[in-house]
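Colleague: Here it is, the structure, as structure tokens.
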Amino acid sequence: MNTQIPQFYNNKDLIYDEIWNLLSRGVVDRGEDFRLPTVILNDGKLSDGRVVVLRGAFKDINTIRFHTDYRSDKIRILKNNNNIYFVFYNKKRKIQVRVKGTAIINYKNDITQKAWEKTQIISRKCYLATNPPGTASGSPTSGLSNELEGKNPKIDSTEIGYNNFCVIDTKISEFEWLYLASQGHRRAKISLVSENKFTSEWVTP
Ligand SMILES: Cc1cc2nc3c(=O)[nH]c(=O)nc-3n(C[C@H](O)[C@H](O)[C@H](O)COP(=O)(O)O)c2cc1C
Numbered sequence: 012m013n014t015q016i017p018q019f020y021n022n023k024d025l026i027y028d029e030i031w032n033l034l035s036r037g038v039v040d041r042g043e044d045f046r047l048p049t050v051i052l053n054d055g056k057l058s059d060g061r062v063v064v065l066r067g068a069f070k071d072i073n074t075i076r077f078h079t080d081y082r083s084d085k086i087r088i089l090k091n092n093n094n095i096y097f098v099f100y101n102k103k104r105k106i107q108v109r110v111k112g113t114a115i116i117n118y119k120n121d122i123t124q125k126a127w128e129k130t131q132i133i134s135r136k137c138y139l140a141t142n143p144p145g146t147a148s149g150s151p152t153s154g155l156s157n158e159l160e161g162k163n164p165k166i167d168s169t170e171i172g173y174n175n176f177c178v179i180d181t182k183i184s185e186f187e188w189l190y191l192a193s194q195g196h197r198r199a200k201i202s203l204v205s206e207n208k209f210t211s212e213w214v215t216p
């Protein structure tokens with residue numbers, strides 16, 4: 012439990028800023044807990060979750076971003092139901108942030124082009140699997156061909172992966188904040204009304 016009271020403890024405006032601060036740091040710092048949120052989707056009947064890497068946090072447009080394979084199950088689910096939910100937890104700071112929003116699938120557009128250019132070879136390899144993610148296999152497999160297995164390909168030979176690459180942007184409608192502290196936990200709901208405008212209320216933790 013935290014013993015020092017941070018400035019945001021009883022201040023919802025500072026909580027809002029702290030959320031974006033943690034999200035922004037998650038994008039640039041591999042060591043940040045907020046880099047690896049769990050993303051939850053619902054196909055109409057069942058919910059399922061998976062960990063992704065946070066690739067963008069744009070406070071001015073209430074948007075966060077991750078990359079994925081266009082052939083993956085996520086895309087099928089999101090095309091039917093674009094409601095999306097993220098859970099972040101920073102263990103050291105004892106802060107949980109839950110994010111509700113709607114997803115936009117970017118595929119072969121300006122956004123994916125710019126993101127792909129910045130994607131390093133090691134990450135591009137994720138998009139080079141022969142079969143779609145989730146394809147059953149009779150033997151243990153990475154999904155990569157023999158030529159790529161265990162190797163670092165030249166950048167040119169990763170370009171084909173762009174066909175499988177997509178960028179999921181989430182327009183955020185709500186944050187739910189939970190801060191654990193020995194003095195008393197704090198919970199707040201922040202509804203994002205429009206760009207950089209929000210309403211907020213305290214909630215019993
Ligand atoms: C640390 C870590 C980071 C991951 N990052 C991503 C990611 O950025 N994008 C992604 O699509 N899958 C990522 N995955 C894999 C997903 O958790 C999931 O297994 C995969 O996307 C297939 O999920 P699906 O059933 O939704 O298609 C990551 C997994 C781990 C453990």
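So for the sequence shown, my numbering puts the first residue at 12; every next one is plus one. Where is the CB? At the ideal position from N, CA and C, for every residue including glycine.
Quick check: does the Cβ of Lys85 come within less than 7 Å of any heavy atom belonging to ligand 1?
Modeller: The answer is yes for Lys85.
Colleague: Report, in whole angstroms, the separation of the C-beta atoms of Leu159 and Glu185, which I expect to be a contact under 8 Å.
Modeller: Actually they are not in contact, since the Cβ atoms of Leu159 and Glu185 sit about 41 Å apart, beyond 8 Å.
Colleague: Cβ of Phe45 within 8 Å of Cβ of Val64?
Modeller: Taking 8 Å as the Cβ cut-off, Phe45 and Val64 do not qualify as a contacting pair.
Colleague: Figure out for me which residue from Gln131, Pro17, Asn101 has the closest Cα to the Cα of Gly168.
Modeller: According to the sequence provided, residue 168 is Ser. The question's Gly does not apply to it. Checking every option, the nearest Cα to that of Ser168 belongs to Gln131.
Colleague: Output yes or no for whether 8 Å exceeds the beta carbon distance between Ala199 and Val214.
Modeller: Closer than 8 Å, so yes.
Colleague: Under 7 Å Cβ to Cβ from Asp54, same chain only, skipping five residues before and after it: list those, please.
Modeller: Correct list, in chain order: Ile88, Asn91, Asn92.
Colleague: Only counting the same chain, and skipping five residues up and downstream in sequence, which positions put a Cβ closer than 8 Å to that of Gly145?
Modeller: So the qualifying residues of the chain are Ser83, Asp84.
Colleague: Which residues bound the alpha helix (DSSP H) around Gln124?
Modeller: Unbroken alpha helix (DSSP H) run through Gln124: 121 to 129.
Colleague: Relative to the C-alpha of Leu191, which residue among Gln18, Asp24, Arg104 is closest?
Modeller: When each option's Cα is compared against that of Leu191, the closest is Arg104.
Colleague: Taking only heavy atoms of ligand 1 into account, decide whether any of them is closer than 7 Å to the Cβ of Asp28.
Modeller: No, ligand 1 has no heavy atom inside 7 Å of this Cβ.
Colleague: Spatial neighbours of Arg197 within its chain, please: C-beta separation below 7 Å, excluding the five flanking residues on both sides.
Modeller: Around Arg197: Tyr20, Tyr190, Pro216.
Colleague: If we ignore side chains and look at the alpha-carbon of each, how far apart do Ile115 and Asn22 end up?
Modeller: Near 32 Å, if we compare the C-alpha coordinates of Asn22 and Ile115.
Colleague: Under the assumption that Asn73 contacts Glu206 (Cβ atoms under 8 Å), give the Cβ distance between them as a whole number of angstroms.
Modeller: With a Cβ gap of about 6 Å, Asn73 and Glu206 count as contacting.
Colleague: For a test of the three-state rule: what should DSSP assign to Tyr81, helix, strand or coil?
Modeller: Here Tyr81 sits in coil by DSSP.
Colleague: With a threshold of 16 other CB atoms inside 10 Å of the CB of Ile75, please say whether the residue is buried or exposed.
Modeller: Ile75 is buried by the Cβ-count criterion.
Colleague: What residue from Lys182, Asp71, Lys119 has the CA that sits closest to Asn175's CA?
Modeller: Nearest option by C-alpha distance: Lys119.
Colleague: Could you give the DSSP three-state label for Ser150: helix, strand or coil?
Modeller: In this structure, Ser150 counts as coil in the three-state DSSP scheme.
Colleague: Can you find the residues in the same chain that come closer than 8 Å, C-beta to C-beta, to Tyr27, ignoring five residues on each side of it along the sequence?
Modeller: Within the same chain, Tyr27 has close Cβ partners Phe186, Ile201, Phe209, Ser211.
Colleague: What does the alpha-carbon distance come out to for the pair Ile171 and Asn142?
Modeller: Ile171 and Asn142: Cα-Cα distance of roughly 13 Å.
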